[in-house]
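Shown next, in structure tokens, is the structure this report addresses.
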Amino acid sequence: MFENRKIAFIGPGAMAEAMIAGLIRREVARPEMLIASGPRRERVDELHSRYGVQPYDDNAAAAGAAEVVVLSVKPQRLDAVLAGMRGAIQPEALVLSIVAGAPIAKIAGFLNHNAVVRAMPNTPAQIGEGISVWTAAPVVSDDQREMARQILAALGDEIFLEEENYLNMATALSGTGPAYVFLFMEAMVDAGVHLGFPRRVAEQLVAQTVRGSVDFYTQSKDAPHLAHLRNQVTSPGGTSAAALYYLEKAGFRTAISRAIWAAYERSRELGRDAKAHWPEQVSGGEEI
Ligand SMILES: NC(=O)c1ccc[n+]([C@@H]2O[C@H](COP(=O)([O-])OP(=O)(O)OC[C@H]3O[C@@H](n4cnc5c(N)ncnc54)[C@H](OP(=O)(O)O)[C@@H]3O)[C@@H](O)[C@H]2O)c1
Numbered sequence: 091m092f093e094n095r096k097i098a099f100i101g102p103g104a105m106a107e108a109m110i111a112g113l114i115r116r117e118v119a120r121p122e123m124l125i126a127s128g129p130r131r132e133r134v135d136e137l138h139s140r141y142g143v144q145p146y147d148d149n150a151a152a153a154g155a156a157e158v159v160v161l162s163v164k165p166q167r168l169d170a171v172l173a174g175m176r177g178a179i180q181p182e183a184l185v186l187s188i189v190a191g192a193p194i195a196k197i198a199g200f201l202n203h204n205a206v207v208r209a210m211p212n213t214p215a216q217i218g219e220g221i222s223v224w225t226a227a228p229v230v231s232d233d234q235r236e237m238a239r240q241i242l243a244a245l246g247d248e249i250f251l252e253e254e255n256y257l258n259m260a261t262a263l264s265g266t267g268p269a270y271v272f273l274f275m276e277a278m279v280d281a282g283v284h285l286g287f288p289r290r291v292a293e294q295l296v297a298q299t300v301r302g303s304v305d306f307y308t309q310s311k312d313a314p315h316l317a318h319l320r321n322q323v324t325s326p327g328g329t330s331a332a333a334l335y336y337l338e339k340a341g342f343r344t345a346i347s348r349a350i351w352a353a354y355e356r357s358r359e360l361g362r363d364a365k366a367h368w369p370e371q372v373s374g375g376e377e378i
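The working numbering numbers the first residue of the sequence shown as 91 and each following residue consecutively.
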């Protein structure tokens, strides 16, 4: 699919590198078809020597040379980066944004280009174990959707959803999700140290417990309910029952639920703030 089509990464950071590495590893695209553009020459040269991608320090030139333009800058840089690329994107090109909180309409408005896909990956993408939720503006063609799917598949699993609001939900659940998991694991490790384990041993016990539990859940036949698996470890009057009593009493479930809802609301707020900064409507006042 990317035999003769170039993919330009605008913002050559951690996520761009994860995508570049995945695309090359899975032989979806050859290195010479990939472009990395950013303000620091050392960084794009580093990606060139590591993967053989073409280094650019001019976003507009990089975007103009590609059939797919991946926006992978930090949200606070996005406005300036979009303004600098206005008019540079090829009419038939696809813009694929992974920028958290940036609505499709904002990107399309700034670039005056309607073929935009918005995706929310997560950090395990850096080892090809991520999950991305994505959506597309109605004008994005089937061929362009397939290109987006293949690029996101280089990061791990991908799920297409029609409505853009799911992107805010995905930001709260899977995009931010690794933060909850790492906090939970950190608390378990600290508890292990409190009990008397050397930290290294506590870390190993926790990491393998989490990994093994996830594999047990996902590899179990007939998709058991999570409560069923939890009940299997909870014998009457036993240690799990004592521990779970404390977690419920401390409002563990409610805290998780409220935290994820707060992340969802924050993601929506960021999107609304962004709307206030649109330079103008999408051409023709079109709704996307
Ligand atoms: N990390 C994640 O798990 C994750 C998950 C979901 C979505 N995202 C989204 O992915 C995007 C990138 O995240 P990241 O973790 O890869 O961040 P990052 O490592 O900081 O990468 C951002 C890159 O953009 C470059 N940059 C800065 N100004 C630029 C400009 N004017 N033109 C072009 N490039 C510019 C930076 O260069 P310098 O280093 O020289 O400043 C850096 O290489 C963010 O919008 C984030 O919301 C990330």
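Even glycine gets a Cβ: it sits at the ideal position worked out from N, Cα and C.
Gly-361 classed as buried or exposed, judged by whether at least 16 other C-beta atoms fall within 10 angstroms: By the Cβ neighbour-count rule, Gly-361 is buried, with 16 or more other Cβ atoms within 10 Å of its own.
Per DSSP, the bridge partner or partners of Trp-224: Ala-209 and Phe-250.
Close Cβ partners of Arg-95 (< 6 Å) along its chain, the five nearest in sequence each way excluded: These residues qualify, in order along the chain: Glu-157.
Cα-Cα separation, Val-171 to Pro-211: CA-to-CA, the gap between Val-171 and Pro-211 works out to about 20 Å.
As assigned by DSSP and simplified to three states, the class of Ala-98: Correct three-state label for Ala-98: strand.
Cβ distance (whole Å) where Thr-213 is taken to contact Ser-357 below 8 Å: Wrong, their Cβ atoms sit about 16 Å apart, outside the cutoff.
Three-state secondary structure (DSSP) of Ala-178: In this structure, Ala-178 counts as coil in the three-state DSSP scheme.
Backbone secondary structure at Ile-125 - three-state DSSP: Looking at Ile-125 - three-state DSSP - the assignment turns out to be strand.
Near ligand 1: Thr-225 beta-carbon under 7 Å from a heavy atom: No, the beta carbon of Thr-225 sits no closer than 7 Å to any heavy atom of ligand 1.
Leu-257 - containing alpha helix (DSSP H), residue span: Where Leu-257 is concerned, the enclosing alpha helix (DSSP H) starts and stops at 255–260.
Per DSSP, the bridge partner or partners of Pro-145: Per DSSP, Ala-126.
Inter-stretch contact at 8 Å, needing at least 3 Cβ pairs: the region 238–249 / the region 316–335: At 8 Å Cβ cutoff, the stretches do not touch.
beta-carbon Val-283 near ligand 1 non-hydrogen atom, thresh 7 Å: Val-283 has its CB no nearer than 7 Å to any heavy atom of ligand 1.
Thr-324 beta carbon near ligand 1 (any heavy atom closer than 7 Å): Not one heavy atom of ligand 1 is found less than 7 Å from the C-beta of Thr-324.
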